[in-house]
Each structure stands twice: as C-alpha cells, then as structure tokens.
Amino acid sequence: MEQDKKMVKQITSMDENFAQWYTDICKKADLIDYSSVKGCMIIRPYGYAIWENIQRILDSKFKETGHENVYMPMFITESLLQKEKDHVAGFAPEVAWVTYGGSEKLTERLCVRPTSETLFCEHFANIIRSYRDLPKLYNQWCSVVRWEKTTRPFLRSREFLWQEGHTMHATREEAEAETLRQLDCYADFFINELGIPVIKGRKTESDKFAGAVATYAIEALMHDGKALQAGTSHYFGDGFARAFDITFTDKDNKLTYPHQTSWGVSTRVIGAIIMSHGDDNGLVLPPAVAPIQVVILPVAQHKPGVLEKAAELKDRLSKRFKVRLDDSDNSAGWKFAEYEMKGVPVRLEIGPRDIENNVCVLVTRHNREKTVVGLDGLEDAVAAKLKEVRDGIYRKALDNLNRRTYKCTSIDEIKTALSDKGDGIVRAMWCGEEECEDKVKELTGVGSRCIPFDSEKISDKCVCCGRPAKHMVCWGVAY
RNA sequence: CGGGGUGUGGCACAGUUUGGUAGUGCGCUUGGUUCGGGACCAAGAGGCCGCAGGUUCGAAUCCUGUCACUCCGACCA
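Taking this note's numbering, the leading residue of the first sequence gets 1, the next gets one more, and so forth.
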C-alpha cells in the first residue's frame, strides 16, 4: 500500500539500526547539531521549543504545589563537594574541574556542578532557623555537567539541561510525601501530556542516588525494548542535613535536623519522546509539547484564492492552537514529508477543490489517517484530532510495553523470553540480595530497573537463588 | 575505558589498493514552468581533501602522531 511506503529515504529504518535511526531523527528533524566539544550538543530552535514547552508545563505544575524557582551558582568548591561522603564518591569520577582563573592557578579548584545538592545545603544552613522557616520548596532550571565517556544526543550528553527540585521539611513523613508527590507529578506528565506509559517504582540499594535514603523513578520502555529512566525523585532523610549542619528549632524548642528531598527531569525527556513515538518517517510529537500543533499546507497555492483561504484558516486556528502556514514554494509532496519528519501532530491540506466544497483535509501524523472536514466548526475538529493523536500514541506505546513485558520464574525463562521476543521488561521475584541482582544481570543481560509500586506475586522464590522472595522487580536493559 | 567504522564544497558520498589538473548527487543563487506524497529546465556560486609532522620532483592517496564524530560493549539522568 502507498501508505506503508517509506517516504523519507534519508532516515535509516528502525529495524535496520535503531541507534542510527535515533541519531538520524535528531539531526534531520532539526533538533540538534553537534558542537566542537565532545558530548556537548547544540539544541536547535525546533528542539529547544520542545524543551520550552516541557518547561512551561512542568514549571506551572511545580508552582501549583508551592514550589519557588531559584538559581544556584554553577561552581562548587572542592571542600563543599566533599562534605557528604557517599555523594562525593558517587559523583567524583565524572565531574569537570576548573583549576585556573585567567592565568592564575586557583588555590582551591572548583567543580562544575554535576547536581546541586551541596549548594542547596550550604544555603539551607544559612536560611533555616525555626520550624516556621519550613518547608522550603525550591526548584531550579539549569544545566549540569557530567564527564560522560560515551555520549548520545539527549540521552547522555556531558552538559545537559534539567530541572532540580530541592526541598526541606520538618518531618520525615512530610518529606517522604513530597518525594512521592513529585514522582506522581512526573508520571502524570508523561502519561497525560506526553502519551508515554511509565512504571513507577523504587530503585534497589545498589542503584540509589549517591547519598539518598531512597530513590524512586519512572521508567519508560522504548521502541527497541530498552528501558529509559525518565525521571527521579529522592528522599534523603536527614543525612545531608547532618553533614552540612542544617538545624532548626522545632515547636518544643528542640534543635532538630530537617528532612530533605530532591527530584529532577532532564532534556532526556526529549529522547524518550523520540524513542517512544517516532517511526521510520521521523518524529511523532505529543500535541502538548509540539512547537507546531497544526501545519497548514496550501495545495496548488498559485491558484487564486488558495493562499488567502489558508491565511484565513491560520488566523482562525491560531486563537486556539500553535499553527504554522507553509506557503514556501516547495512542492506539496516535499512539505508533507518535511512536516512528517518534524512530527507535527496534525496536518491541514487546503486546495482549490476543498475551497469549492467548503472543506479541508486533516491528517493525523501517527497513523496518516485522512479526514475531510467542513470549514464550519473546524476548530473543534482540530481539537478532536489532537486528542486523537495523544490517545493514539499512548495506546501504541502501551501496547509496546504490554507486548514486551514478560513474567518469569527462572533464569532460563528470562533468557528464553528475551531471545524469543526481544528486549523488554522482565517481571520476576527477588530475594533482596545484591549478589542475586548482579548475577541476574550477568546471566541474562537485564539489570534491575526498579521495584514497581504495582507489584504482584509471581512466585514465592527468588528467580535467581530460590530463597524466599522479598520483592518483585522489573528488570531490563537500560539506556 | 576496550573493540570496529568514518573524516574530501552546506549535506551524502566517489576517488586512496597502484602518488600525477578536485569529482558526482542533493542543497544553495538567478530566471522560467510546476504543486492532492520529497517536481522539471537553463545558467551560476562554492573545496589549502580533520589537524600536525614526515617521505617524494610531486601527497586526498604512502608513513608517524593527533583530534573529532559515530556504532557495539563495560559505567552513568
């Protein structure tokens, strides 16, 4: 069928080489360009516009729950970074250091922030005195640097953009509730706005954030069956508070350590969108974050009245949607392919034939379905189509997750499932010992992703050692 | 950090084996015809062949080194 034909020859097909397909999309959809510094990418206007939309939605969610934005410095003195020993041990191998200021060697070298817990702690120590100062609900939008060895656009770059929330609370219960609330905030955003199903869960001890008491994450399954940690939320207890000497006087006039959280999502979200929804014709963007929600393509635009009608529709639709009218003199076919590559959710075609009949053609990106709709009430038809795209891509992604979820009770079952059906999420029981966690990875290739909240009892025994099981774990190959 | 691949107009590549005038396609510019799935004709512009050394009368091509990108593994958002 014509519809199945691959229109965009420049993109490597997913089945042929998934990694190449991914980088092709990043480049060909104008999301990024490489720079002369390894691992540092240029986020181009179209890619940055997606990030701005992500920021806008999340930022307003954060503010609805009382969070305030701040900005912390980019540099951390070495002695400050050293204060919490688990934290420094976790991050030291991948930090970049500034050793010179101008031509003078610094007496103490400065680390370029890989994350800002230490900076927030230093500041919290100065501003928290009484229980009346709590909670402190802070967030910052910034970039951080981690000196990665292997880099990939959006998924792992040396500098990346993110948001990091840092909060301080009077009680453990309050801080734990905050940790889970923000995890839910991310999960809702992924499911409802991005149409990406996620697994919510807790990380195992070995996979925890450096310095955390508990780390929670949302994991998403990509098209190739690999899992992507898409957002994290940490509960720190009072460990950092003790290391940084942050205390407050509680209602009973007792000096107390506050309880802390941090949580973040990064531009990796864009990688998740690409690998959850994209296809061999390019990007497929969730309407909520698409820089262009509707592209209007006039057909036979030199014929009298066509451009005028197209401009009129643009004015009408712009009141409710993000609209672009492409009246360049590229051929209609070229434009179809171009906006498909860029993942624009809804395309509107308007030509002389349509104008005669007072209709236009709407095409949804994810399934290329064409519908002829009347120009009266067009706004509602477009809104319905955008909803259809969100629901359609969510269903597809959920199907992928369900199809690639395997319940297993033995190492052999895991191996068989993975080799028969490909990479995916293995649900299997675990005794809680790190030794078994490592062994499963060694024997089958899948590591523990998380202990999911929607746990089920698959058997009584650990999939590895056969001793009584403590948890059900989701295992997978990670990005 | 290990293993592979690639660096040649903006992009994709050929040319390297066997050293001898820098090529093709796409894109770009100008003009014209087109336009419901990546249109066509004509005329143009654009390159110290990643970088640094070396061999040679002569190097994109051979040698040494180096850097970057990319893919596959180990570590990480």
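All C-beta atoms, glycine included, are put in the ideal place defined by N, C-alpha and C.
Per DSSP, T409 lies in no alpha helix (DSSP H) and is assigned neither H nor E.
Note that the C-beta distance between C121 and F209 is not below 8 Å. If you ignore the 5 residues before and after I414, its C-beta comes within less than 6 Å of the C-beta of C408, V426, T444, all in its own chain and listed in chain order. If you draw a straight line from the Cα of L155 to the Cα of V145, it is about 14 Å long. The shortest CA-to-CA distance from K322 to any of G305, M168, R347, I218 is the one to R347.
Contact annotation: A49 and P291 have beta-carbon atoms nearer than 8 Å.
Selection G90, D24, C142, P153 evaluated against S35 yields P153 as nearest (Cα-Cα). Counting along the chain, R353 sits inside the alpha helix (DSSP H) bounded by residues 352-357.
Between V344 and L285, the alpha-carbon positions lie close to 6 Å from each other. Beta bridge pairing from DSSP links F236 with no other residue. Partner residues in the beta bridge of P468, as assigned by DSSP, are K461.
Partner residues in the beta bridge of P298, as assigned by DSSP, are I350.
Linking A170 to R181 through their CA atoms gives a straight-line distance of about 17 Å.
For T151, the closest C-alpha among the options F91, S262, A19, G90 is that of A19.
Restricting attention to V294, C111, W475, R353, the CA atom closest to the CA of F336 is found in V294.
Where F190 is concerned, there is no enclosing beta strand (DSSP E), because DSSP gives it neither an H nor an E. Here the alpha carbon of F236 sits roughly 24 Å from the alpha carbon of A220. When Cβ pairs closer than 8 Å are counted between the two stretches, the region 432-448 is seen not to touch the region 387-404, the count staying below three.
Taking C-beta atoms as the reference points, G377 and V359 fail to come closer than 8 Å. Residues V373 of the same chain have their beta carbon placed closer than 6 Å to that of A381, with the five preceding and five following residues left out of the count. Annotation for A96: the continuous beta strand (DSSP E) segment containing it runs 96-101. For the set H223, I199, P258, S331, the Cα lying nearest the Cα of D133 is the one of P258. Around the beta carbon of P73, fewer than 16 other beta carbons lie within 10 angstroms, which makes this residue exposed. Distance from the CA of C462 to the CA of P452, rounded to the nearest whole angstrom, comes to 16 Å. About 7 Å separates the CB atoms of S233 and T261; that is less than 8 Å, so the two are in contact.
Distance check between K342 and each of S410, T118, P45 places P45 closest, using alpha-carbon atoms only.
In the three-state reduction of the DSSP assignment, Y216 falls in the strand class, which pools E and B. The Cβ-Cβ distance between G47 and I270 falls below 8 Å. DSSP places I451 within a strand segment (E or B) once states are collapsed to three.
Here N53 carries a helix assignment [DSSP, helix/strand/coil]. Here D33 is exposed. Its C-beta has fewer than 16 other C-beta atoms within 10 Å. Going by C-alpha positions, V306 is about 59 Å away from D207.
For T77, the enclosing beta strand (DSSP E) starts and ends at 75-77. By the neighbour-count definition (other C-beta atoms within 10 Å, threshold 16), G351 is a buried residue.
Scanning I196, Y131, K439 for the CA closest to the CA of T247 turns up Y131. Counting other Cβ atoms within 10 Å of its Cβ, I42 stays below 16 and is therefore classed as exposed.
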